[in-house]
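Enquirer: Chains as they are written, first to last, in the numbering used here: chain A, 5 to 626; chain B, 5 to 626. By construction, the Cβ of each residue, glycine as well, lies at the ideal position given by its N, Cα and C atoms. The following block contains the structure, expressed as structure tokens.
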């Protein structure tokens with residue numbers, strides 16, 4: 005990725021990120037390259053490196069990143085403003101098109117990067133850059149007389165400001181985030197005035213404003229947040245906003261706002277989310293559409309949107325302690341997020357489809373966004389560094405803690421250290437989840453300590469078992485909000501063993517969802533499976549799965565970096581080359597076939613071809 | 005429609021057609037209204053009236069139309085040019101953007117209108133206008149030095165010129181049509197130069213030029229016609245061009261061109277056509293896509309495109325005498341063309357979908373074109389007058405004839421008169437086809453005459469029977485290219501009775517067509533059926549048809565102006581309100597239901613709701 009930012013990767017669109025900062029800093033001549041929000045790609049990368057350096061020594065990467073940060077600092081103007089597009093193209097344009105020019109969005113990513121890099125390395129340079137910019141924005145925007153009354157078209161700064169508030173304790177940042185969130189959607193609409201003032205040039209990015217029913221619903225500025233009850237418009241904007249709003253609701257104990265976020269989260273997860281944790285079912289506007297409208301082929305499910313849903317769910321988990329939020333985090337991480345990246349980390353999906361007829365993706369002008377194979381980089385490269393910061397920052401999702409409680413949200417082997425009130429608690433987690441459901445957690449304590457250990461019982465799991473130091477625990481009795489709760493005096497070396505029986509689940513969709521009628525998906529633990537042409541041939545719509553036969557899970561260490569594959573009894577309808585399009589012939593003959601399913605995230609790491617998550621169910625009638 | 009052209013229909017988009025001509029003629033002040041090709045709507049209407057007046061007395065309509073024609077003549081410039089957009093907005097723009105400005109397209113419709121009005125009324129005013137404009141275009145375009153080397157972005161003039169050639173005998177018109185058709189797609193591309201010269205304003209209509217693989221494939225100008233082997237790009241442009249090319253191939257006995265047209269027609273009808281005769285499976289570009297890519301919901305199937313396919317097929321029928329072309333004419337006419345108009349004639353579909361989930365059509369920004377109910381008029385109102393000219397001009401499709409042959413292509417009650425070499429032949433056709441398959445044809449002759457009577461045996465029909473004056477005919481033995489051929493001496497009063505047994509056919513799609521996998525459509529005779537919410541409830545994807553049970557056809561005189569409805573044994577999966585999106589529950593319970601199918605063309609003439617042509621087949625396995 006560092007090479008990409010240096011325009012140093014062959015055969016991919018150029019990033020221009022470092023070039024832009026060098027030009028803005030006066031170190032290089034040239035024009036701005038890339039999209040108006042190009043800076044944010046670099047900020048997400050720095051955030052990822054910050055998370056990474058918290059747990060890894062890597063002098064070269066750290067040195068490179070320090071140099072990038074110095075460059076950003078050099079580009080920053082005296083008043084704290086930093087955005088290479090406007091520094092290079094003219095400062096007259098600043099804050100004139102908040103709807104689409106992404107300045108506040110880039111600022112938010114700068115703040116997130118600064119927080120992570122400071123937390124990971126203890127270095128303050130970027131944090132100070134971020135604070136100066138936050139101060140500049142705070143001096144510019146707000147309810148006070150004479151200040152700019154706008155808010156961003158692409159939400160994100162609210163997330164950054166709240167993180168910056170938590171790191172620095174500066175209440176102005178929290179108040180500014182609250183201002184942006186609470187002013188949004190009030191009438192008269194800020195964007196009405198902005199559009200009236202804006203030049204045609206500055207409006208050219210805004211074709212989609214009027215197409216989502218209520219005005220500005222595309223950017224969730226159609227109503228005040230507490231009055232929004234369905235997830236609408238651009239999915240990343242939406243989920244970034246919900247993330248910040250959920251965070252703010254927690255900080256401010258705002259029960260009304262929290263309940264709005266519960267409602268929106270339920271609307272998404274019960275009516276507008278793919279089984280992979282993907283969201284956004286429409287290419288046009290990269291957007292949510294309507295309840296149960298989840299087409300499998302011509303769809304979006306942007307990697308960034310799944311990541312945003314993870315972020316939103318994490319804030320809700322922190323607010324409520326309910327495991328259902330962690331279930332969705334896990335569902336998205338193992339499926340739609342992970343599918344965004346090739347196994348070797350070098351290529352990426354922007355859109356994560358559920359059904360691919362490769363020829364169609366390549367042949368239809370309106371499916372240009374639905375690539376049937378991962379790409380090396382993008383003109384709009386928001387997704388690759390977003391995956392990177394999610395993977396290097398996985399720790400923030402695995403555990404939560406307060407002064408007397410540790411929540412184990414996800415089962416990922418590794419070590420966690422938690423400074424509780426009663427002393428440091430260390431947790432060593434081992435196992436090979438999600439391939440098997442045996443997880444061992446061993447506590448490291450300097451002295452015995454009383455605290456609560458919450459262990460998530462995954463929503464997909466039936467009959468979970470647990471022992472503490474070899475003694476059986478009554479999981480059902482100890483379960484609260486989806487967590488097994490152990491509140492007691494713990495000793496060094498105490499060991500919890502969890503057993504989550506891994507069965508292959510046959511998943512069916514709500515009957516109001518047309519596209520999956522008569523179809524099933526397979527899931528084992530949190531991992532969603534798919535059929536791929538490489539194993540099963542193409543035209544997968546002609547394949548049916550016999551769900552009455554047992555489905556076998558088989559470890560395949562040599563396959564796709566090591567996966568558990570599934571084999572199942574199925575049928576394939578006979579194909580035909582040419583001939584009549586419509587016939588009076590009977591149904592095509594079917595041949596029995598063994599079907600092989602692989603994890604969805606790993607598809608398209610061999611010969612590219614057709615792929616299907618939702619497979620026709622071979623029906624047995626009485 | 006006359007009222008629509010007068011801006012005199014409430015609550016619909018204004019047409020401005022007559023206003024534009026009045027302004028162009030200097031009779032009224034004002035600006036041009038509507039789209040750049042607005043004139044063509046009026047021309048199609050005049051053409052329709054011309055066909056209509058050939059068989060009907062209607063003084064008021066004729067007077068109105070004569071007045072319109074006088075107005076057009078007044079608007080015509082001295083050099084013959086007539087196009088209200090450029091007369092009003094400035095003649096500098098003429099011929100500068102052939103790709104999108106539709107001047108030659110409008111000219112073609114003027115010529116078609118003139119021919120029909122002359123043929124129907126004997127009046128020459130419009131014919132002379134059309135010839136003057138054709139002469140102007142002929143003086144402007146062509147291979148000769150100093151002439152403009154362009155050709156239209158939207159084909160149509162080629163059709164008009166060939167009709168004008170046939171009416172007037174003027175060979176220049178034929179040559180100009182041939183020039184346009186044969187120059188098209190030659191390299192270097194004409195449109196490259198035009199784009200380089202054109203102003204940004206004049207290019208603003210052209211977003212879709214680059215999205216169809218080869219340059220200018222959107223308007224079928226990517227290759228010379230004989231090298232085109234698949235139907236690509238904008239479906240109406242394509243089929244209008246094929247229509248003219250097929251006509252030219254016939255006139256010039258150009259076997260290479262004819263074979264290209266056979267190939268393109270086969271590509272369409274064997275790989276790119278809906279079972280209703282609809283074409284164009286993509287909203288974007290109103291276009292053909294790729295083989296077997298025929299989605300049922302987000303699709304196009306514009307009424308005009310089906311009409312264009314009828315026109316193309318008619319030219320091919322004339323060239324070859326093969327009944328398969330008439331089969332497609334019939335398939336389109338009774339289904340996708342007729343569905344374009346409400347039963348009472350006042351409202352219209354532009355897009356004719358095969359599957360409607362009403363909520364989705366109304367709720368998704370990218371489905372704005374797929375209206376779930378007919379509209380009173382359109383900003384782009386190409387379809388309504390196109391249906392009108394097709395219905396009033398139906399005679400041109402029912403029969404063909406040459407000096408010693410009459411072809412009965414379609415079975416429509418009425419009277420035909422044919423001036424054969426051996427004297428006038430009159431045919432009185434009666435019956436209630438397509439509701440039943442009994443057709444009687446009685447010949448009227450002034451004296452016995454020898455000629456050939458070709459009677460189409462519909463492609464959908466098995467076991468056709470026929471008698472001549474009560475004597476059984478051996479249909480199989482007498483059949484040539486799908487026609488029952490009777491070549492003999494006929495006498496006045498000779499009567500042919502045809503019996504086409506009407507069965508309900510269960511139609512299945514080619515296995516390479518993903519969207520109909522596991523589904524069937526019902527057809528009775530040429531009429532395709534559908535399920536509608538008004539009869540069967542909504543969410544029709546949860547309904548399955550048991551094809552092993554008999555399907556009953558029942559005349560319902562009180563239903564939808566009188567149709568034969570079908571009732572069949574089916575099942576409906578249980579619906580659910582709210583609850584989890586994905587579950588491990590077994591397949592939903594199914595309840596037996598009697599399903600009622602109505603003719604597709606008649607859907608949405610009651611309470612608007614969901615609709616489905618392709619219905620899941622309830623499968624019985626051994």
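#1: I'd like to check one pair, residue 607 (chain A) with residue 525 (chain A): are the Cβ atoms closer than 7 Å?
#2: Between residue 332 (chain A) and the rest of its own chain, which residues show a CB-CB distance below 6 Å, the 5 nearest in sequence each way excluded?
#3: Looking at the secondary structure, which residues open and close the alpha helix (DSSP H) in which residue 137 (chain B) lies?
#4: Please name the residue in A:339, A:615 and A:602 whose C-alpha comes closest to that of residue 376 (chain A).
#5: Give a yes or no on whether 7 Å exceeds the smallest Cβ distance from residue 626 (chain B) to chain A.
#6: Just the chain A side, please: which residues come within less than 8 Å of residue 588 (chain B) by C-beta, in chain order?
#7: Give me the subset of the stretch 286 to 310 of chain B whose CB atoms are less than 9 Å from a CB atom of chain A, sorted by chain position.
#8: Smallest Cα separation from residue 323 (chain B): which of B:261, B:275 and B:457?
#9: Give me the Cα-Cα distance between residue 450 (chain B) and residue 432 (chain B), rounded to the nearest whole angstrom.
#10: Just the chain A side, please: which residues come within less than 7 Å of residue 277 (chain B) by C-beta, in chain order?
#11: For residue 336 (chain A) versus residue 281 (chain A), is the C-beta distance shorter than 7 Å?
#12: Would you kindly work out how many angstroms separate the C-alpha atoms of residue 84 (chain A) and residue 169 (chain A), rounded to a whole number?
#13: Going along chain A in order, which residues have a C-beta closer than 7 Å to the C-beta of residue 216 (chain B)?
#14: Can we say the stretch 589 to 606 of chain B touches the stretch 535 to 553 of chain B, given the rule of at least three CB pairs closer than 8 Å?
#15: Considering only residues of the same chain and omitting the five flanking positions on each side of residue 626 (chain A), which have a CB-CB separation below 6 Å?
#16: If you reduce the DSSP assignment to three classes, tell me which class residue 10 (chain B) lands in.
#17: Less than 8 Å between C-beta atoms, sequence neighbours within five positions excluded: which residues of the same chain meet that for residue 73 (chain A)?
#18: So, is residue 413 (chain B) buried or exposed, given that buried needs 16 or more other C-beta atoms within 10 angstroms?
#19: Roughly how many angstroms separate the alpha carbons of residue 2 (chain B) and residue 346 (chain B), rounded to a whole number?
#20: Going by DSSP, name the residue or residues bridged to residue 469 (chain A).
#21: Bridge partners for residue 88 (chain A) per DSSP, in chain order?
#22: My understanding is that residue 341 (chain A) touches residue 355 (chain A), with C-beta atoms under 8 Å, so please give their C-beta distance in whole angstroms.
#23: At least one CB of chain B closer than 7 Å to the CB of residue 433 (chain A): is that the case?
#24: Rounded to whole angstroms, how far is the Cβ of residue 502 (chain B) from the Cβ of residue 481 (chain B), which I believe are closer than 8 Å?
#25: Residue 327 (chain B) and residue 478 (chain B) - do their beta-carbons sit closer together than 7 Å?
#26: By DSSP, does residue 476 (chain A) sit in helix, in strand, or in coil?
#27: Using CA atoms only, rank isn't needed, just tell me which of B:372, B:291, B:186 and B:299 is closest to residue 252 (chain B).
#28: Are the C-beta atoms of residue 579 (chain A) and some chain B residue less than 7 Å apart?
#29: Which class does residue 23 (chain A) belong to by DSSP, given the choice of helix, strand or coil?
#30: Please state the DSSP three-state secondary structure of residue 555 (chain A).
#31: I want to see whether chain A comes within less than 7 Å of residue 361 (chain B), judged by CB atoms only; does it?
#32: Let me see if you follow: with CB-CB separation under 7 Å, is residue 11 (chain B) close to chain A or not?
#33: Applying the criterion that 16 or more other CB atoms from any shown protein chain within 10 Å of the CB defines a buried residue, is residue 453 (chain B) buried or exposed?
#34: Would you give the residue range spanned by the alpha helix (DSSP H) that residue 55 (chain B) belongs to?
#35: Flag this pair as touching only if the stretch 155 to 169 of chain B and the stretch 112 to 119 of chain B have three or more C-beta atom pairs under 8 Å; answer yes or no.
#36: With DSSP run on the structure shown, which of helix, strand or coil describes residue 577 (chain A)?
Expert: Once the coordinates are examined:
#1: No, the pair does not count as a contact, with Cβ atoms beyond the cut-off.
#2: Taken in chain order, the residues that qualify are 273 and 317.
#3: Where residue 137 (chain B) is concerned, the enclosing alpha helix (DSSP H) stretches over 129 to 144.
#4: Taking each of A:339, A:615 and A:602 in turn and checking the Cα distance to residue 376 (chain A), the smallest one comes out for A:615.
#5: The predicted position of residue 626 (chain B) is uncertain, since its pLDDT is 43 and thus under 50; a value taken from the coordinates is nonetheless stated next. So, not an interface residue.
#6: Under the 8 Å cutoff, chain A gives 509, 510, 511 and 512.
#7: Look at the stretch 286 to 310 of chain B: the residues with a C-beta under 9 Å from a C-beta of chain A are 286, 287, 288, 289, 291, 293, 294, 295, 296, 297, 298, 299, 301 and 302.
#8: The residue with the shortest Cα to Cα distance from residue 323 (chain B) is B:261.
#9: One C-alpha to the other measures close to 14 Å.
#10: Chain-ordered, the chain A residues with CB closer than 7 Å to the CB of residue 277 (chain B) read 585.
#11: A contact, by the Cβ cut-off of 7 Å.
#12: Pairing residue 84 (chain A) with residue 169 (chain A), the inter-Cα distance amounts to about 17 Å.
#13: Within chain A, the residues whose beta carbon sits less than 7 Å from that of residue 216 (chain B) are 369, listed in sequence order.
#14: Cβ pair count under 8 Å is three or more, so yes.
#15: Only weak support is given to the placement of residue 626 (chain A): the predicted model assigns it a pLDDT of 44, under 50, and the question is left unresolved by the model.
#16: For residue 10 (chain B), the secondary structure class from DSSP, reduced to helix, strand or coil, is coil.
#17: Taken in chain order, the residues that qualify are 50, 121, 127, 129, 130 and 133.
#18: Counting other Cβ atoms within 10 Å of its Cβ, residue 413 (chain B) reaches 16 or more and is therefore classed as buried.
#19: With chain B covering only 5 through 626, there is no way to say anything about residue 2 (chain B).
#20: Answer is A:503.
#21: Answer is none; residue 88 (chain A) lacks a bridge partner.
#22: At roughly 13 Å, the Cβ-Cβ gap does not stay under 8 Å, so residue 341 (chain A) and residue 355 (chain A) are not in contact.
#23: By this cut-off, residue 433 (chain A) is not an interface position.
#24: Actually they do not touch by this definition, with Cβ atoms about 16 Å apart.
#25: Against a cut-off of 7 Å, the Cβ pair of residue 327 (chain B) and residue 478 (chain B) comes out as no contact.
#26: Residue 476 (chain A): strand per DSSP, three-state reduction.
#27: Checking every option, the nearest Cα to that of residue 252 (chain B) belongs to B:186.
#28: Yes, contact with chain B.
#29: Helix.
#30: Note: residue 555 (chain A) maps to coil in three-state DSSP.
#31: Residue 361 (chain B) counts as touching chain A.
#32: No, no contact with chain A.
#33: It is buried - the Cβ of residue 453 (chain B) has at least 16 other Cβ atoms within 10 Å.
#34: Counted as a single uninterrupted DSSP element, the alpha helix (DSSP H) harbouring residue 55 (chain B) occupies residues 43 to 57.
#35: In short, these stretches touch, since the Cβ pair count reaches three.
#36: Strand at residue 577 (chain A).
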